[in-house]
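Asks: Submitted below is the structure of interest, expressed as structure tokens.
Chains as they are written, first to last, in my numbering: chain B, 411 to 682; chain L, 3 to 332.
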């Protein structure tokens, strides 16, 4: 407590730095609440206050928000379904070629999305799944699957072997051990992986703008926002209101799950 | 940075824990592990659990990458979509790309974008990490808020920066005007590289802060106590303790930052559509295949060739990453 009193000046500096860092976010909200004719005045707070932009933006963007939720949830399910069992195998069972697989997972996270998009584009054209929601879900999952496997595996390595052996002595199959012992213990990892998978799918611009360009209403919110940007006379108020709507998952993530977020960023990048 | 990051959204760092674990397991005397030639049940189970991932990686990673490389070796034209014919041309397209008058300027711009972004992201991130190293009132909350730029959809940040950098009514020029600086035409051809670099630095700070902060937590505090008993000031302590001991973490941070920054498309594309000096290799590839000029000329083969060059760099960086991690283990 004593040290806390001596460091109040650090809190002051910290608040100032954070405010500077978050200024663009504040500015986005400020513009979204300012009446159209006053936006170019650049007032530091919404002096000419209005909710009108939100009414318009919400009306226009509702279908896209719905698609984004659908794509996000689909990506979460697919990511978890593939990464959790694989991580169990890699951390607890004998898998030939495990080293190679781990290397592949690292490189997979370094591949430029534009390269993936080009490849997907030709394949999707051939298969006829261009501009479809499942196609976008599959592509978006590639952002999260390698990360998911590594985060799960890093956690599952720490599950005591005795716990799994006890289950097996009781006659549980590998599948049952995985489902009833490993998965419940790895719940927090699943939340972290799921949150990130959702956020990345929700935020994705590159795959949406290439693989789902002509999907009409079945395009995600990033495309809805991009339509506004591309329109002839840019309506900054509505644009910023949509941007705020598109930021909702970020806000929720920070409010509900900050500790999971920090865990996700640092996962394994720094070895103790 | 970063996916992440930058990045493509600056994605979080890959983990090497299990990789090293696996390596140890495999080095451990194989004959003893497998006394008989029959495959043990646990191996069958392992294979079964890992099979979906392997199939997934083959279908959704290897195959698209194969398609990409194959496209760069065949000449795709408009006619290709009608006839399905794309003659094999070997490395011709790569030669044309490198010989193009655009190539070297774009490489230079890409290098500037990546290096300037990295230097500032790292320096600012490190400064903040040191600032936050010892907790103070509200420090946890403020550190959490610093993550916001990294978690926002990039299209949201890019649009906001675009408006803040508006030449006439942007807040940035107004702010500069307070100091008597003439308005800067941020998003025009000449300055666009600096505009997107500034936005990208902002995006990458959180990633650097978080990784470096957790690196700092692993430096024993008694080192600092001993140093201050010896009369070393904060500056001296930073250069003789913090910076040297943080080197391994810094190497990883910069390496990942490099990869993430190199592949950035969205922040640039949304702010400037890669016009003028803000064109990088990644946006060039994106623009040639999917950009606004799509209706006029489709250059899939050229785009794939540039993409394959980026892919090669990513692969090399993957090896460097492994090498750095492994050396740190020793």
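Note that beta-carbon positions come from the ideal geometry of N, C-alpha and C, so glycine has one too.
1. Which residue from 76/L, 104/L, 93/L and 164/L puts its Cα closest to that of residue 287/L?
2. With a 10 Å radius around its C-beta and 16 neighbouring C-beta atoms as the bar for buried, classify residue 61/L as buried or exposed.
3. Looking at C-beta atoms only, is the number of pairs between the region 462-474 of chain B and the region 519-529 of chain B that lie closer than 8 Å three or more?
4. Return the first residue and the last residue of the alpha helix (DSSP H) that residue 590/B is part of.
5. In three-state terms, what does DSSP make of residue 23/L?
6. Which residues of chain B have a Cβ atom closer than 7 Å to the Cβ of residue 261/L, listed in chain order?
7. Could you give the distance in angstroms between the alpha-carbon of residue 210/L and the alpha-carbon of residue 245/L?
8. Look at the alpha carbon of residue 87/L and the alpha carbon of residue 72/L, and state the distance between them as a whole number of angstroms.
9. Go ahead and pull the three-state DSSP assignment for residue 76/L.
10. Using only CA atoms, which one of 270/L, 281/L, 303/L and 248/L lies nearest to residue 330/L?
11. Nearest CA to the CA of residue 240/L: which residue from 74/L, 281/L, 221/L and 70/L?
12. How far does the alpha helix (DSSP H) with residue 526/B in it reach, from first residue to last?
13. Could you name the residues of the region 162-191 of chain L whose beta carbon sits closer than 9 Å to any beta carbon of chain B, in the order they occur along the chain?
14. Taking Cβ-Cβ distances shorter than 8 Å, what residues in chain B pair up with residue 159/L?
15. Chain B beta carbons: is any one of them nearer than 8 Å to that of residue 224/L?
16. Between the region 597-608 of chain B and chain L, which residues of the former have a C-beta closer than 9 Å to a C-beta of the latter?
17. Do we get a CB-CB distance below 8 Å when we pair residue 81/L with the residues of chain B?
18. Counting C-beta neighbours from all protein chains within 10 Å, is the total for residue 533/B 16 or more, i.e. buried, or is it exposed?
19. Can you check which of these residues, 472/B, 440/B and 582/B, is closest to residue 400/B by C-alpha distance?
20. Report yes if the C-beta distance between residue 620/B and residue 531/B is below 8 Å; otherwise report no.
21. Would you call the region 171-189 of chain L in contact with the region 201-218 of chain L, where contact means no fewer than 3 C-beta pairs closer than 8 Å?
22. Measuring only the C-alpha atoms, how far is residue 424/B from residue 134/L?
23. Could you have a look at residue 444/B and say whether DSSP puts it in helix, strand or coil?
24. In whole angstroms, give me the CA-to-CA distance for residue 126/L and residue 115/L.
25. Is residue 602/B closer than 8 Å to residue 614/B when the C-beta atoms are compared?
26. Please confirm whether residue 565/B and residue 596/B have their CB atoms less than 8 Å apart.
27. By alpha-carbon positions, which one of 328/L, 307/L, 313/L and 318/L ends up nearest to residue 98/L?
28. Does the beta carbon of residue 619/B sit closer than 8 Å to a beta carbon anywhere in chain L?
29. Judging by CA-CA distance, which residue of 541/B, 496/B and 502/B is the nearest neighbour of residue 57/L?
30. Which word fits residue 270/L, buried or exposed, when buried means at least 16 other C-beta atoms lie within 10 angstroms of its C-beta?
31. Using a threshold of 8 Å, state whether the C-beta atoms of residue 189/L and residue 164/L are closer than that.
32. With distances taken Cα to Cα, identify the nearest neighbour of residue 226/L among 243/L, 214/L and 217/L.
33. Once DSSP output is grouped into helix, strand and coil, what is the label at residue 459/B?
34. If you pair each beta-carbon of the region 558-577 of chain B with each one of the region 498-514 of chain B, do three or more pairs fall below 8 Å?
35. Rounded to whole angstroms, what is the Cα-Cα separation between residue 149/L and residue 657/B?
Replies: Straight from the coordinates:
1. 104/L
2. exposed
3. no
4. Run containing residue 590/B: none; DSSP gives neither H nor E here.
5. Confidence is the limiting factor: at residue 23/L the pLDDT is only 38, short of 50, which leaves the residue's position unreliable, though a coordinate-based value still follows. Looking at residue 23/L - three-state DSSP - the assignment turns out to be helix.
6. 520
7. 14 Å
8. Taking C-alpha positions only, residue 87/L is separated from residue 72/L by approximately 13 Å.
9. strand
10. 248/L
11. 221/L
12. Judged by DSSP secondary structure, residue 526/B falls within the alpha helix (DSSP H) whose first and last residues are 523-537.
13. 162, 163, 164, 165, 166, 168, 170, 171, 172, 173 and 176
14. 434
15. no
16. 606
17. Chain B has no Cβ within less than 8 Å of the Cβ of residue 81/L.
18. It is buried - the Cβ of residue 533/B has at least 16 other Cβ atoms within 10 Å.
19. Residue 400/B lies beyond the residue range present for chain B, which begins at 411 and ends at 682; the question has no answer from this structure.
20. yes
21. no
22. Computed Cα separation, rounded: 8 Å.
23. strand
24. 16 Å
25. no
26. yes
27. 307/L
28. yes
29. 496/B
30. buried
31. Yes.
32. Taking only the C-alpha atoms, the option nearest residue 226/L is 243/L.
33. strand
34. yes
35. Each residue's alpha carbon lies about 13 Å from the other.
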